[in-house]
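**Q** Quick one: the structure is below, questions incoming.
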Amino acid sequence: MAEVLVVVEASQAAGVKKVTLEMLTIARGLGSPSAVVLGGAGAAEQLAAKLGEYGAEKIYAGEGEEIDGYLVAPKATAVAELVKRVQPAAVLLAATQEGKEIAGRLAVKLDNGLLTDAVEVAEDGTATQVVFAGSTIVKSKVTRGLPIVTIRPNSVTPAAAPATPAVEQLTVTVADADKLAKVVERVAETKGSRPELTEASIVVSGGRGVGNADNFTLVEEMADLLGGAVGASRAAVDSGYYPHQFQVGQTGKTVSPQLYVALGISGAIQHRAGMQTSKTIVAVNKDPEAPIFELADYGVVGDLFKIVPQATDEIRKRK
Amino acid sequence: MNIVVLVKQVPDSGAERTLSAGDKTVERGSASNVINEMDEYAIEEALKIKEAHGGEVTVLTMGPAGATESIRKALSMGPDKAVHVTDDALHGSCAVATSKVLAAALGTLNADLIICGAESTDGRVQVMPHMLAERLGIAALTGARKLTVDGAQLTAERQTDEGYEVVTAATPAVVSVWDTINEPRYPSFKGIMAAKKKPVQSLSLADLGVSPDEVGFAGATSAVVEFAKRPPRSAGTKVTDEGNGGAQLVEFLATEKFV
Ligand SMILES: Cc1cc2nc3c(=O)[nH]c(=O)nc-3n(C[C@H](O)[C@H](O)[C@H](O)COP(=O)(O)OP(=O)(O)OC[C@H]3O[C@@H](n4cnc5c(N)ncnc54)[C@H](O)[C@@H]3O)c2cc1C
Ligand SMILES: Nc1ncnc2c1ncn2[C@@H]1O[C@H](COP(=O)(O)O)[C@@H](O)[C@H]1O
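Quick note, the sequences are listed as chains A and B, same order. For the first sequence, the residue numbers in the numbering used here are 16 to 334. For the second sequence, the residue numbers in the numbering used here are 3 to 261.
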C-alpha cells in the first residue's frame, strides 16, 4: 500500500494535537500512514508512542534548529524532498495557520494542486469542504499532481489502530532562502488547562452581551465545569473583553464541537460562519428575535446574568 | 519604502454567497462585491509605514473588470496608485495559478515590502503570502498582529494558537496581517475625490509574459467536482426564562449527556 504522509501538528504543552490523530485516521483510508514530525531536537521520540497508537506505520523526523528556528519555509522544503523521494499517495496537513502555510509552499514547489479545509477525504482523493459560512458543501479534486489536502480540526473521530512505527531521521538541506524569516521568541499566553478552541468537544462563547472583561469569568466558569474551551464573538473581542485568538467566526476560528453554547451573542452571519457545523447549539439571549435562536437546538430567552449562574450551580450540583 | 498592498475583491460575507451552477466558480456577478475585509487592515498598515518612513504605496489586484470599484475604494483610503491584473483567461484560476500571476506582477513593481491580508473571506485558504514568498524567494512574516519597521529590518508578532511568536526578517518581504493589527481609516471626502484621479495601470497576461494555459480553467491544479447547499439548521426548543431558565438549560444538557 502506498504511503500517505501526515504532517504532524503538536504543541509543547499538549503533545500531539487531536487534529493529527484525525489525519492519521483519514490517512488509513487512503493508504499506509507515515507521520512527518518537524520540530526541535527529540520531537519525534516524544510523540512516537501516540502516533503509533493511531496507526502511524512509520515516522519521519526532521529535527533541529535548522527546521524549528525559522518560519515555515524549512518545513515545506523537508516535506517536498520527502514527497519526491517516497512518492506518497497523498499528503495531509492540518488546516491551521502553519499547516496551510506549509501546504501553500509545498504546492508551489511541486507545482501541485491544493485543497484546503477538508472535512473528509474519499479513497480516490476527493475532498469534501464546507464553505460560505457553512451554507455549501463542495467536493473537489486535485487535477495536477497528488492530493495535498489540509484537514479541518474536529472533522472525524480519531480511532486508535496500534502500530509500531520505525523512526527515520531526515537529513534536510535547508536552503538560504528558507532561512529569511527567523523565529526569535515563542510566547505562550496563559489559558490554563482548557482544551484548544478548535479541538474542544465543548465550546462556551460569550458575546457583547457579557458586558465587560470581568464578566467573562462567568463564561469561563461554565466552560470549565463542562470541560470545554472558551470562545468569543468579534464584538466581544473588539470591545476588549477577551483575546483575539479566541474569536469564533468568519475572521476567527472555525469550530465544530459536539456542543456550542452562545451566551449574549446575537448570531450574525459572520459569527455563524465559525460555529454553524457544531453538533448541538445552545443559546442564551435576552432578545427573543436574536438570529442565534434560528439555529439553536435549545434556546433560553432571558438575562444571562441570571441564567448562567443558575446553570453553573445546577451543573455543580449534578457532579 | 516601496510598499505594495494586495487587495482582493470578494463577495460580501454578510450576504448570501454561492457557486455558479455552470462553471462552479464563486458567483461574483450577482453578488455585492467588497474589498476583502482583512485587506483593509493591510492598506492601513502600509499607509502608517509610509507616513512614518516615507515612500510609496501601490495597490495590486488580480480580478475581473468589476474589481476596479474595489481598487478605487482602496485608493480613497490613501495609497498612491494601483495595478490591476485582468484578463478573461484568468477566470477559474486556482491558488497556485493566482500566485504565479501575482508573483509576475510583483516582479514588475520592485517592492521592498508586500503587505496582504491573512486570509480572504471567500476562499479562506490563507496560503497566498507563503506562495508568493516561495515564488519570489523572499521572506514571509505571516499572521502579524503587530509590525515594527526599523530601516530594512522587520519585526512582527505572529499570532499563534498558544500565544504569539516574535519573528524577524529583512526586506524585501511579504507580511500578512490579522485584523488585530490596527484600525483601518475611513476614506475622507477628499480621499474619495483624489482616488478618482490616481493612476490605475491595467496589465494583461501578455504584459506579464504568462501564458493563458497556465491559468484559468486550462491551468487549474484542482477542480470542483460537485456542490450542494447544506440543509439549513432548524430551530429547536425555545423557552423564556421565568426564574428557572438556567436549570432548564442544564436539564437539556443532561438529556444530551453533556453533564
Ligand atoms: C467581514 C466581517 C467579518 C466578521 N467576522 C466575525 C467573526 O469572525 N466573528 C464574529 O463573531 N463576528 C464577526 N463579524 C461581526 C458580526 O457581524 C457581528 O457584529 C458580531 O458577531 C456581533 O457580536 P455579538 O453577537 O457578540 O454582539 P451583538 O450583535 O451586539 O449582540 C449581543 C447580543 O447579546 C444580547 N444580550 C445583551 N445583554 C444580554 C444579557 N444580559 N443577557 C442575555 N443576552 C444579552 C443582545 O440581545 C444581543 O443579541 C464580522 C463582520 C464583518 C463585516
Ligand atoms: N486575486 C488576488 N488579488 C490580490 N490579492 C490577492 C488575491 N488573492 C489573494 N490575495 C491576497 O492574499 C491574501 C490571502 O488570501 P487567501 O490566500 O486567498 O486567503 C488576501 O487577503 C489578499 O491580500
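Glycine residues also receive a C-beta, built at the ideal position from the N, C-alpha and C atoms. Bear in mind that the values here come from a model prediction, so they are computed numbers and not experimental data.
According to the Cβ coordinates, are serine 216 (chain A) and glycine 243 (chain A) closer than 9 Å?
**A** yes
**Q** By Cβ distance below 6 Å, which residues in the same chain neighbour threonine 35 (chain A) in space, the five residues on each side in sequence not counted?
**A** Val23, Glu24
**Q** According to DSSP, is proline 272 (chain A) helix, strand or coil?
**A** coil
**Q** Which residue marks the beginning of the beta strand (DSSP E) containing histidine 132 (chain B), and which one marks its end?
**A** Counting along the chain, histidine 132 (chain B) falls outside any beta strand (DSSP E), though it belongs to the alpha helix (DSSP H) covering 130-138.
**Q** Quick check on the contact list: which residues have their beta carbon closer than 7 Å to a heavy atom of ligand 2?
**A** B:Leu8, B:Val9, B:Lys10, B:Asn38, B:Met40, B:Asp41, B:Ala44, B:Leu62, B:Thr63, B:Met64, B:Gly65, B:Ala97, B:Thr100, B:Leu104, B:Cys118, B:Gly119, B:Ala120, B:Glu121, B:Ser122, B:Gly125, B:Arg126, B:Val127, B:Gln128, B:Val129, B:Met130, B:Pro131, B:Ser178
**Q** Any beta-carbon of chain A closer than 9 Å to the one on glycine 139 (chain B)?
**A** Judged by the 9 Å Cβ criterion, glycine 139 (chain B) is in contact with chain A.
**Q** Once DSSP output is grouped into helix, strand and coil, what is the label at threonine 40 (chain A)?
**A** In the structure shown, the three-state DSSP call for threonine 40 (chain A) is helix.
**Q** What is the rounded straight-line gap between the Cα of aspartate 25 (chain B) and the Cα of glutamate 60 (chain A)?
**A** 48 Å
**Q** Listed from N- to C-terminal order along the chain, which residues in the stretch 88-101 of chain A have their beta-carbon within a distance smaller than 8 Å of any beta-carbon of chain B?
**A** Listed by position along the chain: Ala88, Ala91.
**Q** Does the beta carbon of phenylalanine 320 (chain A) fall short of 8 Å from some heavy atom of ligand 1?
**A** yes
**Q** Exposed or buried, which one is serine 208 (chain A) when buried takes at least 16 other CB atoms within 10 Å?
**A** exposed
**Q** Could you check what DSSP says for threonine 165 (chain A) in three-state terms: helix, strand or coil?
**A** Threonine 165 (chain A) falls in the strand class under three-state DSSP.
**Q** How big is the Cα-Cα spacing for arginine 160 (chain B) and glycine 145 (chain B)?
**A** 5 Å
**Q** Between the Cα of alanine 148 (chain A) and the Cα atoms of A:Asn230, A:Arg333, A:Ser293, which residue gives the shortest distance?
**A** A:Ser293
**Q** Chain B beta carbons: is any one of them nearer than 9 Å to that of phenylalanine 308 (chain A)?
**A** With a threshold of 9 Å between beta carbons, phenylalanine 308 (chain A) makes contact with chain B.
**Q** So does valine 299 (chain A) have its beta carbon nearer than 8 Å to some heavy atom of ligand 1?
**A** yes
**Q** What does tyrosine 313 (chain A) touch in chain B if you count any residue whose Cβ is under 9 Å from its own?
**A** Per Cβ cutoff of 9 Å: Gly238, Thr239, Lys240, Val241, Gln250, Leu251, Phe254, Leu255, Glu258.
**Q** Suppose you measure from the CA of isoleucine 82 (chain A) to the CA of arginine 74 (chain B); what does that come to, to the nearest Å?
**A** 42 Å
**Q** Listed in chain order, which residues of the stretch 123-140 of chain A have Cβ atoms closer than 9 Å to some Cβ of chain B?
**A** Taken in chain order, the members of the stretch 123-140 of chain A whose beta-carbon sits within less than 9 Å of a beta-carbon on chain B are Val123, Lys124, Asp126, Asn127, Gly128, Leu129, Leu130, Thr131, Asp132.
**Q** Leucine 107 (chain A) to valine 171 (chain A), Cα distance in whole Å?
**A** 14 Å
**Q** Give the residues of chain B in contact with lysine 155 (chain A), contact being defined as C-beta atoms less than 7 Å apart.
**A** Before going further, note that residue 155 (chain A) is serine rather than lysine in the sequence given. Ordered by position in chain B, the residues that pass the 7 Å Cβ test against serine 155 (chain A) are Ser224, Ala225, Val226, Val227.
**Q** For alanine 135 (chain B) and valine 12 (chain B), I'd like the C-alpha separation in whole angstroms.
**A** 23 Å
**Q** Mind checking which residues open and close the beta strand (DSSP E) that includes phenylalanine 229 (chain B)?
**A** 224-231
**Q** Exposed or buried, aspartate 302 (chain A), counting other C-beta atoms within 10 Å across all chains shown (16 or more means buried)?
**A** exposed
**Q** Just the Cα atoms here: how many angstroms apart are cysteine 96 (chain B) and leucine 240 (chain A)?
**A** 45 Å
**Q** With 16 other CB atoms within 10 Å as the buried threshold, where does arginine 193 (chain A) fall?
**A** A small correction: the amino acid at residue 193 (chain A) is aspartate; arginine does not occupy that position in the sequence shown. It is buried - the Cβ of aspartate 193 (chain A) has at least 16 other Cβ atoms within 10 Å.
**Q** Checking the sheet assignment: what are the DSSP bridge partners for lysine 240 (chain B)?
**A** A:Gly314
**Q** Using only CA atoms, which one of A:Lys124, A:Ala110, A:Glu138 lies nearest to leucine 15 (chain A)?
**A** Absent from the structure is residue 15 (chain A), since the part of chain A shown begins at 16 and ends at 334.
**Q** If you run the structure through DSSP and keep just helix, strand and coil, what is serine 101 (chain B)?
**A** helix
**Q** Identify every run of the beta strand (DSSP E) within the stretch 158-183 of chain B, keeping only runs that are complete inside it and at least 3 residues long; order them along the chain.
**A** 165-172, 175-179
**Q** According to DSSP, what are the bridge partners of asparagine 300 (chain A)?
**A** A:Val316
**Q** Would you call the CB atoms of glutamate 72 (chain A) and valine 187 (chain A) closer than 9 Å?
**A** no
**Q** Could you tell me the boundaries of the beta strand (DSSP E) in which arginine 30 (chain B) lies?
**A** Element bounds for arginine 30 (chain B): n/a, residue is neither H nor E.
**Q** Does ligand 1 have even one heavy atom less than 8 Å from the beta-carbon of glutamine 265 (chain A)?
**A** yes
**Q** Going by CA-CA distance only, name the one from B:Pro81, B:Asp114, B:Arg137 that's closest to proline 186 (chain B).
**A** Selected option, being the one with the closest Cα: B:Pro81.
**Q** Quick check: is any heavy atom of ligand 1 less than 8 Å from the C-beta of serine 236 (chain B)?
**A** no
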